Amino acid sequence: MKDNECIQFLQWALPGLTMRWQGFRKVRAQVCRRVSRRMRALGSPDIAAYRAVLAANPQEWAELDAMCRITVSRFCRDRTVFDALGGKILPELAGSALARDERELRAWSAGCASGEKAYSLAIVWRLCVQPSFPSLKLRILATDSDPHMLERARRARFSASSLKDMPRAWLAKAFIHTGNTFRLRASFRESIAFVQQDIRSTVPDGPFHLILCRNLAFTYFAERLQDEILACITRQLIPGGVLVIGSHESLPPGHTRLAPWGRPPGIFRKAKV
């Protein structure tokens, strides 16, 4: 399938999946390859034939939806965000929790893919924050709609390319290097639970002190769905809780209960009252 054919197809199909074309412009090649493979498997000779399959078989839309899941991820993506988490955000949340006589912080990593975001948070906590708050635990719930990605996350084995943004000192402390892979040490995995959920229809029970929803809802989803998800996320945050989105993402207009944290961009705090 040629690129222009794929663009036209995605512009037509994505609204039917409550997604938007703008978020897929730079990553469309991954989706186009999957659609091409699916067409070959179905014996569809061209995109018109595949559109006919979609029209005749509503279940095929679920297959297309799965093909539109973007799985590119790596540890400590946007390093300044994780520096802020370790240097200020998590310590401040931890101090406030102890002042309320709480014994744990609760975090939710939405759209966790193969685990890099959730594990990055666990590494930052254990190496940079926990030594100053030894009585406090961090519990992380990591959710994703793709069971295959969740299985990869639970295995906790990664290639060097997934770790290229991680500080070398953290890499040495958190991972065991075996052959061509790096396995995360068990002590960094024990605080994380991986659960299959699609944020478009289900959100976990809160409340949470911290929510990571990076490079997912506010990139790929349609504006109406963004509004709905933001409302759900806001309800799940404690007063004073923090939402972290992608550094190149923005929240939909009209939100009033979340204020920018400052630098770096993409970090918001829920009003305390």
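Per this note's numbering, the very first residue in the sequence shown carries number 628; after that it's consecutive. Ideal Cβ positions, reconstructed from N, Cα and C, are used throughout, including at glycine. Everything numeric in this text was worked out from a predicted model, so none of it was measured.
Selection from the options that minimises the alpha carbon distance to residue i
i       : options                               : result
Val-708 : Ala-898, Lys-899 and Trp-888          : Trp-888
Ala-734 : Ser-874, Leu-843, Val-900 and Leu-870 : Leu-870
Val-654 : Ile-634, Ala-683 and Ser-723          : Ile-634
Ala-844 : Asp-832, Asp-825 and Leu-837          : Asp-825
Lys-800 : Asn-807, Arg-753, Ala-737 and Glu-632 : Arg-753
Gly-881 : Ala-679, Arg-730 and Glu-855          : Glu-855
Met-694 : Asp-705, Asp-792, Gln-657 and Gly-714 : Gln-657
Phe-848 : Leu-720, Thr-645 and Gly-713          : Thr-645
Leu-725 : Glu-876, Val-699, Asp-710 and Pro-761 : Pro-761
Delimiting residues of the alpha helix (DSSP H) encompassing residue i
i       : result
Ala-668 : 655-669
Thr-808 : Taken as a continuous stretch (DSSP letters only), Thr-808 belongs to no alpha helix (DSSP H), being part of the beta strand (DSSP E) at 808-811.
Arg-730 : From DSSP, Arg-730 is part of no alpha helix (DSSP H); its letter is neither H nor E.
Phe-636 : 630-640
Ala-787 : Unbroken run through Ala-787: none, as it is neither H nor E.
Residue i and residue j closer than 7 Å at C-beta
i       : j       : result
Gln-863 : Phe-835 : yes
Ile-819 : Ala-745 : yes
Ser-702 : Leu-790 : One detail in the question is off: residue 702 reads as Phe in this sequence, not Ser. For Phe-702 and Leu-790, yes; Cβs fall inside 7 Å.
Asp-773 : Arg-696 : yes
Val-699 : Thr-770 : no
Leu-839 : Ser-736 : yes
Integer Cβ distance of residue i from residue j, believed to fall under 8 Å
i       : j       : result
Phe-815 : Ile-750 : 6 Å
Arg-810 : Ala-783 : 6 Å
Lys-764 : Arg-730 : 7 Å
N- and C-terminal bounds of the beta strand (DSSP E) containing residue i
i       : result
Gly-867 : 864-871
Asp-771 : 764-771
Ala-886 : 885-887
Arg-896 : 894-897
Subject >> Those runs of the beta strand (DSSP E) which lie wholly inside the stretch 681-764 and span at least 3 residues >> reply: 731-737
**OP:** Go through the stretch 800-850 residue by residue and report every complete run of the alpha helix (DSSP H) that reaches 4 residues or more, in order.
**Re:** You should have 844-847.
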